[in-house]
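Residue numbers (the working numbering): 174 to 788. Idealized CB from N, CA, C, for every residue including glycine.
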Ligand SMILES: [Zn+2]
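What follows is the structure, given as structure tokens:
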């Protein structure tokens, strides 16, 4: 029997025994119409009466997703990865009935590796993802080294000692991760940035700097900026090439075709240019055309080479930075080969797609290497509209709600609401789903937004309130009202509009003072968990940690607002950091210390601006 189908049956048996104490009497099969070879198509019919029946899917992944959808239907909840994130009810087999067709709302429902991760973190996310409704996973670069390095080296936490991490370790972790993705038949996305460096012989797995001197031949391939061809700010990954050069285009398309051929496990191979912006080639030939025109030429060459090799691998192209402006002359020839990825990285996460300003809907003028990207969401929607005119193929949103702002929004409530709104806008703006570029440990201040992402992408009928109720009642059980009250109070008193930096209040903010009093009281007299399951206990433990950390962060902000002596501010700030860092291990699977520290430090520093004019 096939691997994923076997796994789906094992999962069904495992959870059925946990629910009823007995083996499952439901058969799982793959025998429905397969969607004409469309690898993204998923359909599963669940027909179960009093514990007996069938789960019949069109493909193995849909069978596994169907099993989890059925388990949810009978009361199981998966609010976080791991055992302490599950709610499994106890029932008799006779109480297990479900009749529905699992047919997800969006074909692209994925998670991209980012943040600081241990191998266990990633494996747990992959295990949890289909339980939460996700169908895709994206490992960036060829080994994702940088994300592991951030965790194992513990550079952001003086309480933790640097651990050994060799390239060999990371390659082994990576192989394990890919194996778990394939075990679930998830759509496997790979690479993204890094092709530009592979062409000059560097396998880049992050944004590290180099002093390396290149040969004249290789240097000639780099973009010319201000008359010089060299690594952009010493970062190979952020260095564009001279795309008008046929040699460069051939080298890039060769590398992609070669990779697709030697990595048949990859379903969607991402071909992106360099990271960073205002760094494209200024040579006479490059300037004659838009960057997108050169890009599309390479895309068409990739397609020709893959066709020659009889490979079905999908190529994902990126609408990002200079590529926001669609090509004026070149056209993608074989649209079926490609998926368009819209990545509005600088947009505001306080302004959902549906509330984008009409005033910003004009297409910005292109100025080579002199572009200032605005935060207004409308600007990016205008770019998308222009691209939709020249590309009619499949596409998705590649977005960053849970990358930085999950830690900027201290309550996790506002970012969840914006995320929900955006997911519900996808169809209207012509996108077939979301691949989220985000920290993996996005369960702090809570897992609400991450949970909501999976649910809203999968089930188009659910309202924000439905998902919120479902999450809170599963995660906090009988303590849901108290948990809601705390998160809502944080939202109201230290809102995302304030910490998100768009309404950077100067002078005193009365809500901050009342927040401080409230948080102090809650920290000292926190909910005492009694007669509840381990998952609820864990949720409350995370919430207590949130209260303590937000209390300490607000305390520093208030001291700044009050113009307290510098030593007093520094002391409180050190106490805040020590509090979090000394407990990071205890909350490791939920809170990404690397990002929490970076973001909260940033918020606190920003609050100094405007208060201390001399700084
Ligand atoms: Zn050039």
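Here's a check: name, in chain order, each residue in its chain whose Cβ is nearer than 7 Å to the Cβ of residue i, leaving out the five neighbours to either side.
i	result
residue 659	695, 716, 720
residue 624	252, 305, 644
residue 286	295, 311, 312, 313, 317, 320, 613
residue 520	548, 550, 553
residue 560	492, 499, 513
From residue i to residue j, what distance separates their C-alpha atoms?
i	j	result
residue 679	residue 736	Below a pLDDT of 50, predicted positions are generally treated as unreliable, and residue 679, at 46, falls in that range; the measurement from the model is reported next regardless. The straight-line gap from Cα to Cα measures roughly 12 Å.
residue 665	residue 636	22 Å
residue 319	residue 765	15 Å
residue 455	residue 461	10 Å
residue 189	residue 622	28 Å
residue 276	residue 244	16 Å
residue 533	residue 544	16 Å
residue 153	residue 574	No information on residue 153 is available, as it lies outside the stretch 174 to 788 that the chain covers here.
residue 360	residue 584	32 Å
residue 269	residue 235	20 Å
residue 790	residue 627	As shown, the chain starts at 174 and ends at 788. That puts residue 790 outside it, with no answer to give.
residue 302	residue 762	15 Å
residue 487	residue 441	5 Å
residue 691	residue 592	28 Å
residue 684	residue 663	10 Å
residue 677	residue 726	Here the model assigns residue 677 a pLDDT of 43, short of 50, so the residue's position is not dependable, and the following value carries that caveat. Residue 677 and residue 726: Cα-Cα distance of roughly 16 Å.
residue 184	residue 239	11 Å
residue 196	residue 697	46 Å
residue 608	residue 599	12 Å
residue 457	residue 501	18 Å
residue 216	residue 308	12 Å
residue 367	residue 541	22 Å
residue 264	residue 250	14 Å
residue 525	residue 385	43 Å
residue 278	residue 242	13 Å
Would a C-beta distance cut-off of 8 Å place residue i and residue j closer than the cut-off?
i	j	result
residue 378	residue 480	no
residue 417	residue 394	no
residue 508	residue 565	yes
residue 745	residue 729	yes
residue 271	residue 221	yes
residue 631	residue 205	no
residue 176	residue 356	yes
residue 387	residue 433	no
residue 495	residue 469	no
residue 522	residue 578	yes
residue 557	residue 602	yes
residue 743	residue 330	no
Among the residues of its own chain, which have a CB less than 8 Å from the CB of residue i, if the five just before and after it don't count?
i	result
residue 681	Note that residue 681 scores a pLDDT of 46, beneath 50, so its modelled location is shaky; the value from the coordinates is reported in the next line. Correct list, in chain order: 734, 735.
residue 372	394, 414, 421, 424, 425, 428
Closer than 6 Å by C-beta to residue i: which residues in its own chain qualify, once you throw out the five before and the five after it? Chain order, please.
i	result
residue 198	224, 225
residue 580	768, 769, 772
residue 421	394, 414, 415
residue 426	471, 474, 475, 478
residue 702	710, 713
residue 604	568, 569, 570
Going by DSSP, what residue range makes up the alpha helix (DSSP H) through residue i?
i	result
residue 178	176–193
residue 568	Careful: residue 568 lies outside any alpha helix (DSSP H), inside the beta strand (DSSP E) at 567–572.
residue 655	653–666
residue 588	586–598
residue 610	That residue, residue 610, is in no alpha helix (DSSP H); its beta strand (DSSP E) goes 606–610.
residue 467	464–481
residue 672	669–672
residue 352	340–356
residue 522	Segment: none, residue 522 is in no alpha helix (DSSP H) and carries neither H nor E.
residue 556	550–563
residue 646	637–649
residue 536	Counting along the chain, residue 536 falls outside any alpha helix (DSSP H), and DSSP gives it neither H nor E.
residue 753	739–754
Would you give the residue range spanned by the beta strand (DSSP E) that residue i belongs to?
i	result
residue 272	271–275
residue 133	Residue 133 lies beyond the range of the chain shown here (174 to 788); nothing can be said about it.
residue 309	309–313
residue 487	487–492
residue 364	360–365
My guess is that residue i and residue j are in contact by the Cβ rule of under 8 Å, so how many angstroms apart are they, rounded?
i	j	result
residue 389	residue 407	Going by Cβ atoms, the distance from residue 389 to residue 407 rounds to 19 Å, so no, they are not a contact pair.
residue 192	residue 647	Not a contact, Cβ separation roughly 15 Å.
residue 380	residue 410	5 Å
residue 718	residue 669	Their Cβ separation, rounded to whole angstroms, is 19 Å, which puts residue 718 and residue 669 out of contact at 8 Å.
residue 629	residue 640	6 Å
residue 732	residue 741	6 Å
residue 706	residue 620	Actually they do not touch by this definition, with Cβ atoms about 16 Å apart.
residue 290	residue 324	5 Å
Would residue i pass as an interface residue toward chain D - the criterion being a Cβ-Cβ separation below 8 Å?
i	result
residue 527	Protein chain content of the structure displayed is limited to a single chain, and chain D is not contained in it.
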